[in-house]
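To keep things clear, I will list the structure first and then write my remarks on it.
Numbering (the numbering used here), first residue to last: 368 to 597.
What follows is the structure, encoded as structure tokens:
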């Protein structure tokens, strides 16, 4: 749930913290972060901007509350079973939930600021890699790479456009016939099925990359003993 902000004593407000967070979430979903500011939120709630500051001292504080509310509802797969099964389920869950709730994507890329609420989703992945024996720089590299790739994959697939749309924007008439044939042959379709296939391909290769990171640490004698059952 969203982090509660203290309301100053005085005249009862016609709004609540929950209403403010829900309205901000809806605006982010509809218009992105740039379309979510205190003025727009106040307008939707038919209150003054100062009424919002009664609950949240700044837009950043409000966005942290929105992130806490959004990320608190995202499911986390069970850590039982093999690490490959967990990481595959973890990435698939992130993909499904972020595509379903694009406000989560927007909140992850807020002025290079990672929401504190992301820690709830990040830690299970870190625990699984740690249990496989990765430590120090090896753990840092593997977890950072995994997180970057999967989040960029999700953001990229959410915004994926078809080849035809790209060619129209880039100017297909400027290409010579040979290059035009190559672009037309790619024929990327911006459909949910195409996005899913690309996501599964990326997830499979991330697993291979993590497997290689574990092997490299083992070959270098840096791999700690893995936890039994993980």
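Cβ coordinates follow ideal geometry from the N, Cα and C atoms, glycine included.
{"Check": "Close Cβ partners of residue 502 (< 6 angstroms) along its chain, the five nearest in sequence each way excluded", "Outcome": "591"}
{"Check": "Residues bridged to residue 498 (per DSSP)", "Outcome": "Paired residue(s): none; residue 498 is not in a bridge."}
{"Check": "Beta bridge counterpart(s) of residue 477 as assigned by DSSP", "Outcome": "480"}
{"Check": "Through-space distance from residue 587 to residue 516, alpha-carbon basis", "Outcome": "25 angstroms"}
{"Check": "Same chain only: Cβ atoms within 7 angstroms of residue 509, ignoring 5 sequence neighbours per side", "Outcome": "496, 501, 577, 580"}
{"Check": "When 584, 403, 441, 423 are compared against residue 486, the one with the closest alpha-carbon", "Outcome": "441"}
{"Check": "Cβ distance (whole Å) where residue 436 is taken to contact residue 388 below 8 angstroms", "Outcome": "5 angstroms"}
{"Check": "Contact under 8 angstroms by Cβ, residue 434 with residue 393", "Outcome": "no"}
{"Check": "Residue 553 in three-state terms, based on DSSP", "Outcome": "helix"}
{"Check": "Distance CB(residue 382)-CB(residue 428) smaller than 8 angstroms", "Outcome": "no"}
{"Check": "Residue 449 to residue 443 span [Cα, whole Å]", "Outcome": "15 angstroms"}
{"Check": "For residue 408, the first and last residue of its enclosing alpha helix (DSSP H)", "Outcome": "405 to 412"}
{"Check": "Three or more C-beta pairs below 8 angstroms linking the stretch 468 to 481 and the stretch 405 to 422", "Outcome": "no"}
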